[in-house]
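S.K.:
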Amino acid sequence: MKSQQSESSQPVVEALHVSIIIPAYREAGNLRPLIGRIAKTMGSVVYPYEIVVVDDDSRDGTRDVMAELGAEGMPVRLVTRPRRLGLGSAVISGFHLARGELLVCMDADLSHPPEALTRLIAALNDPQVDFALASRYLPESTADKMWRRRHRIESRLAALLCRPLTKVSDPMSGFFAVPLAVFERADALRPIGYKIALELLVKCRCRCIREIPFHFSTRTLGRSKRTIRQRIDYIRHLVRLAIYRLGRVEG
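What follows is the structure in structure tokens.
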């Protein structure tokens, strides 16, 4: 049964080039600075774009913030889902509702710098590239010291476990871009947990992937949503994708 969701939006622009999808849950304090930085970065481009925030019914003022940004002329849309359904499904919902030819996903907590958006999008100018991924593990990439201390080993181990499925350096990244045409060729998407990039890399059958470096920042407002349950879900997700891949090979 399809979940109900409501949407508030700016007037429709017929020929959008880029849709930036931001899954959110209790991120009201981060949305204004994030969207302000996105607008500043995208102000240098000539193509139209939209920002779609997919919110899981937060009661923290998210709707008010988005209404204010829309009234100020920001190209924003808010999709409100009836309950907390998870980051992965929020991204998929946003992609299905997007009006752009290129789809971008980034986190709401300011860990992904909007200043890297134009490089990420530019990577898809090559028609051979079907996925652009911002990686924390390229030689030119950097990260806040606090994140390196707390999470780098865990993230590296998680990436190592993905090796049978994809060879990219950072399959755990939530900062990526994909053409709409590539997204639409995906087999049934059933992400477990929050690592939607891994699901898309496998099920969109991405062959040519371009990785770009970026600076990964730690959250400054709000609380991290990483839990033990998410770690368990990640293992379950890997098993499900391995079974899917094996079935395609045997078929």
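Every letter in the sequence shown is one number past the one before it in the working numbering, and letter 37, counting from 1, is 769.
We put the beta carbon where it would ideally sit given N, CA and C, even for glycine.
1. Under a three-way DSSP split, which group does ARG769 fall into?
2. Between the alpha carbons of ILE975 and VAL934, how many angstroms are there, rounded?
3. What residue from ARG813, ASP902, VAL808 and ASP841 has the CA that sits closest to GLY832's CA?
4. I want to know whether the stretch 837–852 touches the stretch 911–919 - three or more CB-CB distances under 8 Å.
5. What do you get for LYS734, buried or exposed, if any count of 16 or more other CB atoms within 10 angstroms of its CB means buried?
6. Expressed to the nearest angstrom, what Euclidean distance is found between the alpha-carbon atoms of ASP796 and VAL861?
7. So ARG942 is in the beta strand (DSSP E); what residue range does that whole segment cover?
8. What are the residues that DSSP puts in a beta bridge with ASP919?
9. Leaving aside the five residues before and after MET774 along the sequence, list all residues of the same chain whose C-beta is less than 7 Å from its C-beta, in chain order.
10. Can you tell me which of the three DSSP states TYR976 falls into?
M.R.: Considering the structure as presented:
1. Taking the sequence shown and counting its residues from 1, one reaches residue 769 at position 37. Judged by DSSP in its simplified three-state form, ARG769 adopts helix.
2. Counting from one through the sequence shown, the residue named residue 975 turns up at place 243. Counting from one through the sequence shown, the residue named residue 934 turns up at place 202. Put simply, the backbone Cα of ILE975 is about 11 Å away from that of VAL934.
3. One-based indexing of the sequence shown puts residue 832 at position 100. Comparing Cα positions, the closest option is VAL808.
4. Counting Cβ pairs under 8 Å, fewer than three are found: no touch.
5. Numbered from its first residue, the sequence shown carries residue 734 at position 2. With a pLDDT of only 44 at LYS734, under 50, the local geometry of the prediction cannot be trusted, and no value is derived from it.
6. By 1-based counting over the sequence shown, the position of residue 796 is 64. By 1-based counting over the sequence shown, the position of residue 861 is 129. Each residue's Cα considered, the two are about 38 Å apart.
7. Reading the sequence shown from its first residue, position 210 is the one you call residue 942. Counting along the chain, the beta strand (DSSP E) containing ARG942 begins and ends at 941–945.
8. As a first step, residue 919 is located in the sequence shown; it is residue number 187 there, counting from the start. Beta-bridge pairing links ASP919 to no other residue.
9. Locating residue 774 in the sequence shown gives position 42, counting from the first residue. Its chain contains TYR781 and LEU849 as the residues whose beta carbon lies nearer than 7 Å to that of MET774, once the 5 sequence neighbours on both sides are disregarded; these appear in chain order.
10. Walking along the sequence shown from the start, residue 976 turns up at place 244. If DSSP states are grouped into helix, strand and coil, TYR976 belongs with the helices.
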